[in-house]
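Taking it in order: structure first as structure tokens, then the write-up.
As structure tokens, then:
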């Protein structure tokens with residue numbers, strides 16, 4: 001009866017005609033479609049590489065008592081020690097992540113990573129932090145700060161409900177190091193943050209990795 005109310009047809013009109021007129025698919029087909037979509041989502045969440053690209057939606061199941069919460073603080077710069085500023089952006093449909101390393105207020109190193117164009121800015125921000133942490137570990141940099149202007153990324157890392165593998169891996173690495181996450185307000189004149197953003201302007205010259 002709902003289809004009759006929608007189409008305002010006579011009660012003698014067939015269900016098939018009502019479905020065509022209303023644009024509503026048969027319930028059995030909708031159920032089959034929902035089941036198939038659910039299956040595909042499960043498959044995607046299990047695949048670390050999907051269609052040749054890193055799958056940010058790949059999940060890692062953890063026991064409740066193994067969940068990790070990583071805190072963060074507001075930006076505090078003393079101009080001393082190791083500070084790694086990160087950024088992610090999408091410019092002219094090109095997605096990339098960058099980080100810049102400052103030691104005692106002097107820029108010493110930087111990195112620019114080009115991601116597939118199908119990625120979002122959030123994914124780029126996550127990748128920037130992940131690569132910055134790897135950089136600190138590889139260089140054996142202790143007591144460092146990884147600084148980002150993406151508050152949503154920090155809140156995702158802090159959440160105990162997060163299941164995405166790349167976030168879990170970031171948490172595991174941070175738990176074993178003395179790297180501190182900090183949030184800086186974007187475009188407020190912080191030199192390191194601005195430099196990380198400037199590096200992203202060179203994305204067209206970088207190949208996708």
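Residue numbers (UniProt numbering): 1 to 209.
The beta-carbon is built from N, C-alpha and C at its ideal position, and this holds for glycine as well.
Remember, it's a predicted structure, so these values are computed and weren't measured experimentally.
Item: Ordered list of alpha helix (DSSP H) runs contained in the UniProt domain "RNase H type-1" (78–205), each at least 4 residues; Value: 121–138, 151–158, 165–175 and 191–199
Item: Test item: CB-CB of residue 130 and residue 166 under 8 Å; Value: yes
Item: Residue of 162, 182 and 176 minimising C-alpha distance to residue 59; Value: 162
Item: Proximity test, residue 57 beta-carbon vs the ligand PLP heavy atom, cut-off 7 Å; Value: Ligands are entirely absent from the displayed structure, and the ligand PLP is therefore not among its contents.
Item: Straight-line gap, residue 107 to residue 139 (C-alpha atoms, nearest Å); Value: 15 Å
Item: Alpha-carbon spacing of residue 50 relative to residue 56, whole angstroms; Value: Confidence is the limiting factor: at residue 50 the pLDDT is only 43, short of 50, which leaves the residue's position unreliable and the question unanswerable from this model.
Item: Assumed close pair residue 110, residue 101 - CB separation to whole angstroms, cut-off 8 Å; Value: 7 Å
Item: Given 8 Å, three or more beta-carbon pairs between the stretch 61–77 and the stretch 122–137; Value: no
Item: For residue 124 and residue 112, believed in contact at Cβ under 8 Å, the rounded distance; Value: Not confirmed; about 11 Å, so no contact.
Item: Option nearest residue 197 by Cα separation, candidates 205, 91, 207 and 105; Value: 91
Item: Opposing strand residues paired with residue 73 [DSSP bridges]; Value: 182
Item: Cβ-Cβ separation, residue 99 to residue 234 (assumed contact under 8 Å), whole Å; Value: Absent from the structure is residue 234, since the part of the chain shown begins at 1 and ends at 209.
Item: Distance between beta carbons of residue 149 and residue 186, contact taken as under 8 Å; Value: 4 Å
Item: Local Cβ density within 10 Å of residue 132, reported as buried at 16 or more and exposed below that; Value: buried
Item: Same chain, Cβ closer than 6 Å to residue 184, five either side skipped, listed in chain order; Value: 75, 147, 149, 190 and 193
Item: Alpha-carbon spacing of residue 171 relative to residue 72, whole angstroms; Value: 12 Å
Item: Under 8 Å between C-beta atoms of residue 181 and residue 70; Value: yes
Item: Residues of its chain near residue 80, where Cβ-Cβ distance is below 6 Å and the 5 sequence neighbours each way are ignored; Value: 104
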